[in-house]
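Novice: Protein chains in written order, with the numbering used here: chain A, 829 to 1300; chain E, 24 to 196; chain L, 97 to 301; chain S, 12 to 293; chain R, 496 to 1236.
Before I ask anything, here is the structure I am working with.
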Amino acid sequence: MSQMINHDIPDDHEIQIEKKFIPKDLDIDKDISWARINKDVLRSLDRPRPIFWVIFFAALALFSFGVYCEKYQYDNGLGVADLNNPQVWGLYIATFIFWIGMGHSGTLLSALLHIIHADWRKPIYRYAEAMTTFSLLTAALFVLIHLGRVWQFYYVVAYPNERWVWPNFSSPLVWDATAIGTYLTSSLLFLYTGMVPDLAICRDNATGARKKLYTFLSLGWQGTDRQWSTFRVTYMTLACFLMPLAVSVHSIVSTDFAVSQNPGWHITSFPPYFVAGALYSGCAVIITLFILLRYVFRFEAYMTMPILNKLIKMTFAIAMVWNYLNLIEYSTVWYGDNMIAKQQLLDKMTGTYAPVFWGMVFCSTVMPFTLLIRFVRTHLPTLMVVSLILNFGMWLERVQIITPTFGHSQYPWTWTSGWWPSWVQFGIVAGSFGWFTMLFMLYCKIFPTISMYEVKEMVHDQGKMLKAKKVA
Amino acid sequence: MKSHILALYNDMEEAALVLDELNTTKLPGFSMKDVVIKSPIEHPELSEKLGKRPVYVQLFTLMGVLLGPITGLTLVASAQASFIYQIRGGRPVVPIPPDMVLTYEFFILSGVLMTVVGCFIGWKLPGNRSPLYNTRVSEDKIGILVKAESSAIPFLHEVFKKHHSLEILGEEK
Amino acid sequence: MIIRKILFVFSLLALIVASFSINAEPFKAGGALGTQTIDGYNALGPQVEQPIEFPHYIHAKIMKINCMYCHTYARRSAVSGIPRLDKCIGCHKMIPEVRDRPRIKKLFWYWDNHLSIPWKKVHDLPDFVRFNHERHIQRFYFQDKRPVREVCGYCHGDVANMTTARRVKAISMGWCIDCHKKDHQISAVNLKTTNGPHDCWMCHK
Amino acid sequence: MSLNNLIKNWTSFRARRPYLDQYKNADYKWAMVIDLDACTGCNACTTACYAENNLPVVGKERFEKGHAMHWMRIERYWGEGESVPVDMVPDKGAQFLPMMCQQCEAAPCEVVCPVGATHHSADGLNTQVYNRCVGSRYCSANCPYKVRYFNWWQYADFAWPNPLELQLNPDVSVRSKGVMEKCTFCVQRLRESMDHAKTDGRLVRDGEVTTACAQACPTSAITFGNLANPQSQVAKVWKNQQIALEKDEQKKDENMRGYRIFEEFRTYPSVVYLERVRDLEA
Amino acid sequence: MATEKKMGVDRRDFLKVLGISGAAATLAGCGNTSIESGAEKVQAYVQPEDFVVPGNSVFYASTCTQCPSHCGVMGRVREGRVLKLEGNPNSTISKGKICGLGQASVQIQYNPDRLTTPMVRNGDSLVPATWDQAMTVIKQGLGKDSVISGEEIVFLTGTTSGHQKVLINNFLNNFNSNNHIAYDALSNHVGETVRENVYGYSNPVQKIKDAKLIISFGNDFLGSGLSPVYMATQYAHFRKAPRGTLVQIEPRMTLTGGNADRWYPIRPGTEGIFALGLANALVQHPEYDKAIPDEVKQALQAYDKRTVGEITGINPDAITHLVGMMWERTPTLILSGATAEGQKQGYQNAYAIELLNVILGNVGKTITAPTENPFPQMNPTNATYQALVNLNEQLSAKKVKACLIMGVNPIYTEPTFVGIAKNLKQVPLKVAMVTQLDETAELCDVVLPLLSPVEDFGTYVAEYQPEGVEIGIQQPLMEKLHPHTKSFGDVLLTLLKERDPKNYSHYPDYYSYIREAVIKSKPVFKSSMTDDDFWDSTLMNGVLHIPVKESEIKEVKINIADLPKAEKAPADVNYPFYFVPSIKADLRDGRHANLPWLQESPDPMTTVVWDSWVEINPKTAEEMQIREGDVLEVQSSMGSVTAQAYLFPGIQPNTVSIPFGQGHTSYGRYATNRGVNPFKLINPITDEKTGELALFATKVQIKKTGDNKKIVKDEGPTTLQQGRKLVVTMAADKAELSKEV
């Protein structure tokens, strides 16, 4: 016991410092009863605020429109998307990277912060992890949407066949498929494993069909000491796997570009740049969802302002990393002697796609500095708007990686100016947001969005510390 | 003839005292190995009192990370080698860097999968819950489940009661 | 559609497992339809109704007419072709004794009306596949001097035992590849072996 | 599919193309020479390509969107630099460039195709197998020459209203929507003549087969042939112009006109262009 | 053609289309087809020729009829369908090569808008009819009992030659008429007249291959010239070592100009003046001094460098420079072309240009006499614009009772002021023979569907005969596609047989007519073959060739009165721009606008497709604040059209250009309502000497309409190589062409 007290002295300082800057009453109540936690969280599965249904049906409508667009495109060919010879990818691949990138901060919150025992992640990591899974699902959808012959997509899958043909393992697209598949499987398992104790709680409190579902999913979890110790080891091991995996996934996505010879893509710093961008956009989305869930599911007591504040700090830091890598990218091109890449960079900034570029600069480089303003950090509607702008900026970033490069490639004859995607592309992109929101909202309605057992652990540990202090 | 008995406690301290007492108790037909704690959160300090209970998950992980890359690389490389057309301009038929990338992904995938498999085996899941399960365990109570000879049950009952257990459940006969 | 494709994938998987264990064997005359070559790719096609029920067994088996006497284009063109009508008539004019049989009557009806017979395709490849009869005939019949019934029969089965022809092989890509992967002796004298080209643009262009 | 195969042939699986003397003992390596001094930009070759290879006429609206399917395009440039004054007079004429698939020996498109629909054939062609293509368009994205064309529409539905479809070349597939296509060096002609030569037990003779564009070209600016045959016209010109297939930077005399476009990207194209000549004193 | 069967009749039989199912199969392309049995039909030939092997193609020689150069072509035929045309190596004109225009002939054959049945007028509209019905209508006017004669019958065609021409003349003779009117909207009659007057030959051989320096005044011999394929083959030799130099002088850069070593923009109509300026400078050299009489020399003195420079807009130093080259590089060749000849002083311009050839002594060296055709009756008719004016006069006099029209579309190509449409309507019997309904056919009473050029027999003699004389033999490459189409020869023979059974009844059809005519010519070719063999070998070769027989150009006349005069036209305030419409090598006068390949083939200079555009100099555009794609109204005193602006550096600053060929109101789905028709802008200015229409002498004004539409073209936003080393240029003195293989 005495050892523990000594250990806690630095923590005490930290708490003191925190107290100085953040009103304590806003943080999680240390004395909250465990039963109360169960009740609060389970209530979210039952009766959220009515706005939930508004969001859900809006998302459903958007998704239906996306499905209509995709059907139209499937029937008529990709021509309806107004893609053309140099502009072969358009918004589909841009949005694909956006969704892949978005998943990364879920892993950051759940895995990295778990490894370094950052306690504050506990109330929020679950939805971040869910977001990872669903954004990966959405991203995988874009791979299919953009294929010319979706119905032959299984050619990309490596399976022994009578034709004696295999996918081309040298293609970054196959790496992509493998990496995304691995990532999706791993984060799904990670999400699920971490959720099992909570599913058991749901099982113990649910009735009817839901009970059957939870009973099935919780696999008979009883919370025995053996289960807990196995769980601890497993969860930590998975977290250790997930961190490098997340880094490798977006690095591999970046090789789609960095491996090819196009000006503006053939850059060594692309992998870290992509990873930073991924974390950046992911953090912005986490802030958005934080505010949303906090309101919709009445999670004010758990998703507290200090946690949000930490998230904002993290977002700002990552935004700065991203900006740094962005600058690195441009300056290596600018000071390098690749004439074609330099031309392309100039065109990106001054050509027909300059609005996209400067839009990105405004949204992703200038906007994060507003996070330094206390009002923005504490006034949730404003923060919501800012986080959406950051997100939009990161989407623009992906668009400006793809479109200007195709529009100003090595081959001057095929340059395009003023290329603009058709409504079908926008419809499908919007539909993907609908699909993601719909899935995510559905998830939040069915599964506990806040990790109950971990919040219990958190208040237990902190309560213990307080008690220890009192003893001292 | 062995049977089960479960006692619920309000908090860890109380449960710890029970375990301390059980540890010192020498009773025929009862062993510390048969004591199981059920709790809503993890409880390292209670587990310590139960003695060493090894976890084998990481053995599976090791197996996964060893087998994954080897099978992955072999699969990829031999698929490339047996592809009916093999000539690709500018690159060898079996190129090292792409195969390394894929091997890496296989390494992680098989590591993750084997870990989860190991976890499920460690959990002995999916399985049936023991009849002596109380839903309050998943809420905020600590449960101590003991499996012992029927003869030892009354004594254990006494011990539990001594430490202000909220509820004691025994197997119905 | 997707379901069909998934089923297709699984059937292919089954096929590959089968094909691993089975080695192609030379052509065997006679026997049940589809078993004349044992290569694991037996896939008996439907019985196709033709305008005239052409008796291959009379021509090829009883009369012992070389396949290429009628299917004369096979050795110089990618398509083997259906025999031209005047080829049929050329012989049958000389055989008055069978003139009254219904099939021959029908044949002469087409001839008299100067119409071509609307035969139905029995061995139909997808439109992106281009099989070249000429090369196969040149290689195995003229160069290797194998019996014509075997050379044609490897793909078409033992037509000499059929009335109207019927597809007896899968004619799938794996089946083609399977043969192309095999070592073929260069000639009856030269014991060196070669195998068929693995160039996609040989068949798909 | 065996480990044995992998180990036994390891060195050959690790060989990279192109390498020195690669085609010395090979039967075929198809290559081309285009004399830009002879090319007048008349578009006869492109029309011949439409006729030979079943290229769809896409119509004005689709052409406007950039959906044109010309495998071969004649580019017309007014200058080499990056900007041009408004009052420029093109007093040295225009610069015409026939551009089609360069059949690179180390083609950037081949490496990135996820399904291997584009790969290299033994006779040095950069193949495109339509029925294998899933339409990821990565090859087009990675092609520095941008000579790959994607079927954005089901052109067969409208490009050949009856009876125009009777003109279609039965030796060439009509491509469905969603697949990539490109110049094939008229592979249907090559394969036919190679087959005939094989039947006769010989190799294809120089001049026996040529591409549709080379056949049509009124000024004979396009020479096509077998680079592996040192007696062929193409091989002679390559040698004369001191172009080596396996080099990405040619060391040649100043007054030699041969060059390959974008050699610095190490694509090792199979098409040699001969510089346009202008009498600058005229 | 190994068999001794009656060719033709049986040939048609075995060419029967049976590959239909094959073609449909090709269309399906690479969907996910599975193997099926019994789904498709496979039909065999009934009684084919021995050389017909399914799956193998057969090549038949024929002659291209797409333009008057009549190249020899070969058609690739498989399963009874013609698939592609190639050049015929036997032909001295095409030398085995072919242009895009020629390739597209197969699209006339398979055009989805082809006329497949006769049409007969019923009130305001044409309705499909049977041949019997159509012939009944025709026979009412031109039948057995017809008394129409002389000027009452008109046969209007474009340039015709060979047995078509012979048959038309025979037909007209039967009506005691010789009223065969040959009209060509883009005729080169002015130049031909000049050369006829100067050299005695309207189309002397211009040996560009032998020249070391060619100065071409707007002669687009590589693009829309008289024999572009032949000229291109010669141009290739011209560019080989020792390399010749090409200088092009024209107001708007043609394809030939784009290939010139040096291109000079010149004020339209002043080409002759520039030529005189050159001539004046040329005679400073003692050698050339002798070549011309003093009176001419004196007349030339008015054209000193500065004056010429002022008039033509070309830097005066260019004259010194060019003359310097002419002195050094012999032999030279000076060519006059459409933009120089289609002017008010067109004749004089061309005359002045030919004068240069005379001074330089090119006559006999690079300009030689063509070989004489032993069959002069087959020589091509001289198609002119004047013919249209003649026709209009005849029509307005209301004497014409029957008008037959074939191969020409005057309603589309006539300038607005001619107004032939109104007069033509009054003719009681108007018969059009077409493969596809066009503007003129729509006006007619009877429209007969002709066989396409790849289905028909015929013989052709090109206007330009560079190596001997070549008679092109046209033969069907396939069985006729539409059962109710007929050869024009058969139509005329049907009528002739009725009117003159004695001479014509022994011809069962046009094929036998041609066959007999060709066999009759056997003695000229000193052939010892039998008639059948001669005919077979002629069909196999595709051409009958009369070898070169050099004859000298005897005297060269120079008439001082025919030289152009410098005219100081007052600046036109209302119409400040010269209008120089361009002739596209593929669409020509619009007759090929129905062929989709040609519509989609980018214009070589601008890369615009499927449309009309207004070429305007970037400098002028900047002054007028015109951007690419701005919709401009181009107005002449005759009318106005609107089209999008294209900034084109290869054009005079005060000149605008619209290509001919588009703006059809009725010509099938590919041509109708596409672009504008610049013929409707042409002012009523004619060449003073010949009366030919001055196509390039119109002045226009341009106005911005305020609209802007994206111009549909192949090129991207840049027209520069951006330092990419795509087309590298080497100085001619650096290149060692002689060392090349």
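All C-beta atoms in this analysis are idealised placements derived from N, C-alpha and C, irrespective of residue type, glycine included.
Can you tell me the Cβ-Cβ gap for K1176 of chain A and G1246 of chain A, rounded? I've got them flagged as a contact below 8 Å.
Specialist: Between G1246 of chain A and K1176 of chain A the Cβ distance is about 14 Å, and since that is not below 8 Å, they are no contact.
Novice: Using only alpha-carbon positions, find the residue among S:T138, S:V123 and S:C56 that is nearest to C296 of chain L.
Specialist: Of S:T138, S:V123 and S:C56, the residue nearest in Cα terms is S:T138.
Novice: Do you know offhand how far S1046 of chain R's Cα is from N698 of chain R's?
Specialist: 14 Å
Novice: Consider the Cβ of G1211 of chain R: report whether some Cβ of chain A lies at a distance smaller than 9 Å.
Specialist: yes
Novice: Should F178 of chain E be flagged as near chain A, meaning a C-beta pair shorter than 9 Å?
Specialist: no
Novice: Chain R partners of G146 of chain S, CB-CB under 9 Å?
Specialist: Within 9 Å Cβ-Cβ: nothing; G146 of chain S doesn't reach chain R, min ~11 Å.
Novice: If you draw a straight line from the alpha carbon of S999 of chain A to that of V1087 of chain A, how long is it in whole angstroms?
Specialist: 9 Å
Novice: Please confirm whether E535 of chain R has its beta-carbon closer than 9 Å to some beta-carbon of chain L.
Specialist: yes
Novice: Give the secondary structure of M1293 of chain A by DSSP, where H, G and I count as helix, E and B as strand, and everything else as coil.
Specialist: helix
Novice: Does the region 31-45 of chain S touch the region 233-251 of chain S, meaning 3 or more C-beta pairs lie closer than 8 Å?
Specialist: yes
Novice: Using a Cβ-Cβ distance under 9 Å, would G1218 of chain R count as near chain A?
Specialist: yes
Novice: For G1134 of chain R, list the residues DSSP reports as bridge partners.
Specialist: R:S1131
Novice: How far does the alpha helix (DSSP H) with T1062 of chain A in it extend, from its first residue to its last?
Specialist: D1053 to A1086
Novice: With a Cβ-Cβ cutoff of 9 Å, do Y270 of chain S and L256 of chain S count as a contact?
Specialist: no
Novice: Within the region 926-1012 of chain A, note down every full alpha helix (DSSP H) run reaching 4 residues or more, in order along the chain.
Specialist: Taking 4 residues as the shortest admissible run, the region 926-1012 of chain A contains the following complete alpha helix (DSSP H) segments, listed from N- to C-terminal end: 953-974.
Novice: Sorted by chain position, which residues of the same chain lie with C-beta nearer than 7 Å to T807 of chain R's C-beta, five sequence neighbours on each side aside?
Specialist: I761, R762, T765, I768 and F769
Novice: Are the beta-carbon atoms of I1243 of chain R and A59 of chain S separated by less than 9 Å?
Specialist: Coverage of chain R is limited to positions 496 through 1236, which leaves residue 1243 of chain R absent and any answer about it impossible.
Novice: Cα separation between T908 of chain R and G1085 of chain R?
Specialist: Answer to the nearest angstrom: the Cα atoms are 8 Å apart.
Novice: Going by CA-CA distance only, name the one from S:S147, S:F169 and S:R287 that's closest to Y8 of chain S.
Specialist: With chain S covering 12 to 293 only, the question about residue 8 of chain S has no answer from this structure.
Novice: Using the three-state DSSP reduction, which class does P944 of chain R fall into: helix, strand or coil?
Specialist: strand
Novice: Tell me whether F670 of chain R is buried or exposed, calling it buried when 16 or more other Cβ atoms sit within 10 Å of its Cβ.
Specialist: buried
Novice: Pick out the complete alpha helix (DSSP H) segments inside the region 972-1048 of chain R, 4 residues or longer, and give them in chain order.
Specialist: 983-994, 996-999, 1005-1015 and 1026-1036
Novice: Count the other C-beta atoms from every protein chain shown that fall within 10 angstroms of the C-beta of G914 of chain R, then say buried if there are 16 or more, exposed otherwise.
Specialist: G914 of chain R comes out exposed.
Novice: What span of residues does the alpha helix (DSSP H) with A49 of chain S cover, start to end?
Specialist: Here A49 of chain S belongs to no alpha helix (DSSP H), and DSSP marks it neither H nor E.
Novice: Taking the straight line between their C-alpha atoms, what separation do you get for C559 of chain R and C228 of chain S?
Specialist: 16 Å
Novice: Is DSSP giving E937 of chain R helix, strand or coil here?
Specialist: helix
Novice: What residue ranges within the region 214-256 of chain L form continuous alpha helix (DSSP H) runs of no fewer than 4 residues, ordered along the chain?
Specialist: 229-233 and 244-252
Novice: 9 Å is my cut-off, CB to CB: does H81 of chain S come that close to chain L?
Specialist: no
Novice: With 16 as the cutoff for other CB atoms within 10 Å, does H131 of chain S come out buried or exposed?
Specialist: Counting the other CB atoms within 10 Å of its CB gives H131 of chain S a total of 16 or more, which places it among the buried residues.
Novice: May I ask you to check if the CB of N683 of chain R is nearer than 8 Å to at least one heavy atom of the ligand ZN?
Specialist: The model depicted lacks the ligand ZN and carries no ligand whatsoever.
Novice: Taking C-alpha atoms, which residue in R:K1205, R:G1218, R:S1233 and R:D1228 lies nearest to R73 of chain S?
Specialist: R:K1205
Novice: N142 of chain S CB to nearest chain L CB: under 9 Å?
Specialist: yes
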